[in-house]
Each structure stands twice: as C-alpha cells, then as structure tokens.
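Remarks on the structure that follows.
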Amino acid sequence: MKRLAAVAILAAILGPAEAGHYVRHGPAEAGHYVPRDIPRDIPHDIPHDVPHDVLHYILHAQQQDDDAAPRNSAPLTLLQINDVYSTLPVDGLGGLARVATLKQQLVAAGRTPLLVLAGDFLSPSVSSSVFKGEQMIAALNAAGLDLATLGNHEFDFGKDVLLRRMSEARWQWVVSNVIDRTTGRPVGGAVPYVVRTVGRLKVGFIGLCLTTSEISRGNLTGPRLVEPFAAAAQYLPILTRQGANVIVAITHLTFADDRELVRRFPEIDLIIGGHEHAPLTVTENRTLISKAGSDARWVARIDVDRRPNGAVERFFELVPITSALADEPRTAEVVRSFEDRLSTDLEVVVGTSSVPLDAEDMWVRTSETNLGDFVADAVRADAETDVAIVNAGGIRGDRVYPPGPLTRRTLIEIHTFGNIICTVALSGRVLIEALNHGVSRLPAASGQFPQISGLTMTVDPRGPPGDRVRAVRVGGQRLDLNRTYSVAIPDYLLKGGDGYTVFAEQRVLVDPEAGHLMLDALEKYVAMRGSIGPAIDGRITMVR
Ligand SMILES: [Zn+2]
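Using the numbering used here, the first residue of the sequence shown is number -2, and each one after it goes up by one.
Written out as structure tokens, the structure is:
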C-alpha cells in the first residue's frame, strides 16, 4: 500500500513523462514492463521535434517490438485514451488523426487493436462551447474508436445533448452505472457490459463512471447514477458466467476509487481509467491500473494474452503521440472541417454592449474597470457564490472595445485562457489576505490585481504590502473575519497562479473537474441579458 501511495506521489512530483516508469514488477502474472537500459546512441529515425522527456518511451517501444518480444504473440492490443478535450495536438503532442494512424499501423502489422476511451471528452474547450462536443464525436468516429464509457464532463451540457451525442457515436458505449429512469437500462443505448472474442481470449468489459459532486450541478436530472461498486457487483459475475477469461473495467473514477474497486473485485485484470490527467500505471494486487494522461498526448498500449495456466499477461507501453505519427487523412479532414466551422461560428453575435468596455492593461491591472466588473460579475453569477475574484492578468485584449455587437470571438479575446471557474470556502480572514495579495504590487500594474464581484473595498496603495485593504463589505455587510464565504476564482488561481498561494490550503467546493468554463459564463451572462452596459460602481475605492 505504502508503495502504491509512493507511486502516485511520484507520478504527481515527476510529472507525466517519468510517471509511466513506475510499474511494479509484481507477481509474474501482473505483466511485463521491463525496458532494457536506454541505448546511448539515439536512433536516427526519431524526429527532431520530439520533446526530450518522451524519448524514453519511444526507445522502449522499439525494444518491445523486437522480433522475440513476447508481446508480439498477444492476441489483443488495447489502445487507451482518456480525458481528451482537443482533437488537435496540444504543445506538439497528441492529435486524434495521429492516434488513428497508430491504430491503423497496428492493424497493418496484423494485430487486433481496440481503441478505448475512459471518459471526459465532450467538454470543456473553446470548440465544445461552440459545438457542444459534436466535434469530438465526429473526430473519434473517424479515428475508429471502439469502446467508450462516460466521464463527469459528458454531463456538462445536460441530458438531452448527452443523448444526442451518444446517438451520433459509431462505437460501443459501455456504461454499467448510468441508468435511464424510464427504461431501467443504461442511458443512450449503451450496454452495461460487453464480451468480445479475440483469438483465444474472451474479454469482458464493464464501464463505470464516478457519481460524486464532480458531475456539474443541475445536470443530474434525468439519468439515475448507480454507485459504481454496486454496478460492478451486479455485472462482473455475468461476465464470468458468459465465459470471459479476461476482465477489463473501463472506469472514470478517482485513483483511490479504482484501487478500492480492485480490492473488492480482484477478478478484474485491467483497469483502463480516467479522470486524473497524469499518466499513471500501477499494479494493485494482481490488477494493472492505467491512466494515459490527457488530450491523447500519450496512448497507453496494453497488449493482453493468457498463458496456458490461465494467468493473464499485460504488456504495457505509454506511446507518445508525436509528429513521428503522420496524420490519418480522413480523421484530419474531419478535424479540419470543424476548425473551419469554428472560425465561422466565432463571428456569432452573442449580445451587445451599450458602452465601451475597458480592457486596457494599464487600467485593468491597477483599478476597477467596467470590463473587470463585467467579467467578475459573470463569474460570480455562474458560480452562485458570495464573492468572485478574477486576476486581471486573465483579462486580455489590452484595448477599449467600442459599444456594439459582442461576438464569441471578442469574448475569447477578453478571456483566451480557457480557465475554469472553481469555488473555495474562505474565512473572512483568508479572503482579506487574498485581496491584500492582489493589490500588493500597486502602484505597479500586475496580473494579480483583483477584479471583484460581490464585495466592496478601499485600497491604500501606499500602505505596507499585505495590509492595504480596508472597509471590506460582502453583500453590503461588513466583512466578518470568522465567517465562511464562498468565493469563485479561476482554476489558475486555485493552482497558485499570479502568486495566489493563499488558496492552496483552503476547502474546495467546486474543483476544476466540475466547474464551468469562464468563457461560457461570459457568454451566458451576455446572452441572458441581450445587452450589457457595465459602469464602474466604486466597488474598489483607491485612497489617493
Ligand atoms: Zn473527470
């Protein structure tokens, strides 16, 4: 147990590239991942733009493809992706057209690959705020996805959009614990389990989605969520009765829940998991648990075989998705067509502004501006919190937007980062500490300057840094240092961005997994009102 905890921590500390190395060589049946030493001479055929930290994986891949490598006789090759929000590469890694090529190369090599997605892909992203996930379904259809289960983000647009997306997909949905209340069957025509025969293997799959508060508020009406362990208890015996000799759980659970699942159901040979965004590969007892990072920057390749004595073998490799894999043309075409449509859709007028909106850095980063008020108000309205704090550095454009139509493109210009709105519970004492951090660099303009909503304050820029904020009122009432307030912030600040270390130790009410895109909140705020005309209302008073 201690060792597994250490693995998880190592994964967190070392980051994605190193994490995949920490596969325990457990009992023989637990699988092979025994790369030889990395050769000193790097082969010539590795492209120059392959990031150095993924080189290990490429070399390991080549070693496992040696003629005598035992995985070459494994009947089934599972290709795992999870938590994919982009159809295109992100910082040079990923891209669904490359993933499609990887699968086709394996087919061409005579192998039987199944491409499996362990949830979280319909949202959030700028594209999804326009297409509501349609672009992901189309690209994954083209890429040849075979099996998928649901993650919490599949519920982001509500039940009706989810059902539409599920019907557009050409792959098999395996969803054991999200039940349509009217039919009593899994939602959207999914099956609760499936058995596939591949050579001498009879592989049974179940699919489990987390059921906790990560699923966006308000989007739980409709389907009934069954506790994942209860669903596993219901369907795993059926797989066994149907003669499955390899059991795979496709899960979108926390790592802790995956481990609990394995403890309760040791018959599971392999967990293809999601939710966490760092590649993670461990064996818990005899089960291999794999998470393949995010955005298809890696694909976990797991070749599966059974020995004559019945032991299940799993050969693991984390394949970096680099430019060494050419784009598969059909998938690339689908991706491109949505990108083209995206640029058209960005011209859609969301509403109008009756006043000029001030996004000039020199003002947004030193004082209240009407645009800062608008952004912070939209964030607070979306999160339904007492207070919102938005770092001025997250408000872009550095210009005055003239009155008139507000397009999606303008809103993206105003907030380009794709931040997600999180909610933390802060005491009045910590809230004032956060505000003091925000104004600590005045009179210098800085990204940490707080644009705020739900509160008023007086700031003395000449006071000692850390003690410049006075007369704070929340919702019109004097700040109570000991009261707890709900505070909406961008996920960037939750992670300590712009020096906001103050949030690290605080209780998180809505984390980045569950929150909405800031961009969506801006669009919703404008669209609901049709026209906005924010005015500086004196929520930040400067002592001159
Ligand atoms: Zn998730």
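Backbone N, C-alpha and C define an ideal beta-carbon position, used for all residues, glycine too. Please read all numbers here as calculations on a predicted model, not as lab measurements.
> From which residue to which residue does the alpha helix (DSSP H) around residue 462 run?
Replying inline: Per DSSP, residue 462 belongs to no alpha helix (DSSP H) and is neither H nor E.
>> Would residue 203 and residue 189 be called neighbours here (beta carbons separated by less than 9 Å)?
In response: Cβ distance < 9 Å, so residue 203 and residue 189 count as in contact.
> In this structure, does DSSP put residue 220 in helix, strand or coil?
Replying inline: coil
> To which residues of the same chain is residue 479 closer than 8 Å at the C-beta, ignoring the five residues directly before and after it?
Replying inline: Correct list, in chain order: 424, 425 and 426.
> Rounded to the nearest angstrom, how far is the Cβ of residue 318 from that of residue 96, given a contact under 8 Å?
Replying inline: 6 Å
>> Can you tell me whether residue 513 sits near ligand 1, meaning its C-beta is under 8 Å from at least one heavy atom of the ligand?
In response: no
>> Quick check on DSSP: helix, strand or coil for residue 311?
In response: Strand, per DSSP.
> Between the C-alpha atoms of residue 257 and residue 321, what's the straight-line distance to the nearest angstrom?
Replying inline: 38 Å
>> I'd like the span of the beta strand (DSSP E) that includes residue 450, first residue to last.
In response: 447 to 450
>> Assuming the contact rule is C-beta atoms closer than 8 Å, residue 542 and residue 249 should be a hit. Round their C-beta distance to whole Å, please.
In response: The structure shown does not extend to residue 542, since the chain is modelled only from -2 to 541, so the question has no answer here.
> Can we say the segment 288 to 300 touches the segment 265 to 274, given the rule of at least three CB pairs closer than 8 Å?
Replying inline: Judged by pairs of C-beta atoms under 8 Å, the segment 288 to 300 touches the segment 265 to 274, as three or more such pairs exist.
> Do the CB positions of residue 99 and residue 137 come within less than 9 Å of each other?
Replying inline: no
> For residue 385, which of helix, strand or coil comes out of DSSP?
Replying inline: strand
> Considering only C-alpha positions, which residue in the set 361, 419 and 518 is nearest to residue 537?
Replying inline: When each option's Cα is compared against that of residue 537, the closest is 361.
> Distance, Cα to Cα, residue 19 vs residue 279?
Replying inline: Bear in mind that a pLDDT of 32 at residue 19, under 50, signals an unreliable position, so the model cannot answer this.
> For residue 342, which residues from the same chain have a beta carbon less than 6 Å from its beta carbon, with the 5 sequence-adjacent residues on both sides left out?
Replying inline: The residues are 127.
> Helix or strand or just coil, what does DSSP make of residue 542?
Replying inline: The structure shown does not extend to residue 542, since the chain is modelled only from -2 through 541, so no value can be given for it.
>> Less than 8 Å separating the Cβ of residue 412 from some heavy atom of ligand 1?
In response: no
> What number of angstroms, rounded off, separates the C-alpha of residue 365 from the C-alpha of residue 187?
Replying inline: Taking the Cα positions, residue 365 is about 50 Å away from residue 187.
> Quick one: is residue 401 buried, meaning 16 or more other Cβ sit within 10 Å of its Cβ, or exposed?
Replying inline: exposed
> Using the beta-carbon count (16 or more within 10 Å), is residue 528 buried or exposed?
Replying inline: exposed
> Under 9 Å between the Cβ atoms of residue 545 and residue 131?
Replying inline: Nothing can be reported for residue 545, as the shown portion of the chain is limited to -2 through 541.
>> Relative to the C-alpha of residue 144, which candidate in 269, 84, 125 and 239 has its C-alpha closest?
In response: 269
> For the candidate residues 454, 295 and 180, whose alpha-carbon lies nearest to that of residue 79?
Replying inline: 295
> Using the rule of at least 16 other Cβ atoms within 10 Å of the residue's Cβ for burial, across every protein chain shown, is residue 337 buried or exposed?
Replying inline: With fewer than 16 other CB atoms across the displayed protein chains lying within 10 angstroms of its CB, residue 337 is exposed.
> Once you ignore the five residues that flank residue 72 on each side, which residues in its own chain have a CB closer than 8 Å to its CB?
Replying inline: 109, 195, 196, 197, 198, 301 and 302
> According to DSSP, what are the bridge partners of residue 202?
Replying inline: Its beta-bridge partners are 191 and 245.
> Where does residue 288 sit, in a helix, a strand or coil, going by DSSP?
Replying inline: strand
>> Just to confirm, is the Cβ distance from residue 383 to residue 494 under 9 Å?
In response: no
> Under a three-way DSSP split, which group does residue 250 fall into?
Replying inline: If DSSP states are grouped into helix, strand and coil, residue 250 belongs with coil.
>> Quick test of your reading: residue 244 and residue 224, contact by CB under 8 Å. State the CB separation rounded to the nearest angstrom.
In response: Rounded to whole angstroms, the Cβ separation of residue 244 and residue 224 is 19 Å, and the two are not in contact under 8 Å.
> Is the segment 407 to 426 touching the segment 481 to 500, taking contact as three or more C-beta pairs under 8 Å?
Replying inline: yes
>> Pull the bridge partners of residue 454 from the DSSP assignment, please.
In response: Residue 454 pairs with 537.
> Between which two residues does the alpha helix (DSSP H) harbouring residue 373 extend?
Replying inline: Residues 367 to 380.
> Which value, in whole angstroms, describes the spacing of the CA atoms of residue 328 and residue 129?
Replying inline: 19 Å
> Comparing the CB of residue 149 with every heavy atom of ligand 1, is any distance shorter than 8 Å?
Replying inline: yes
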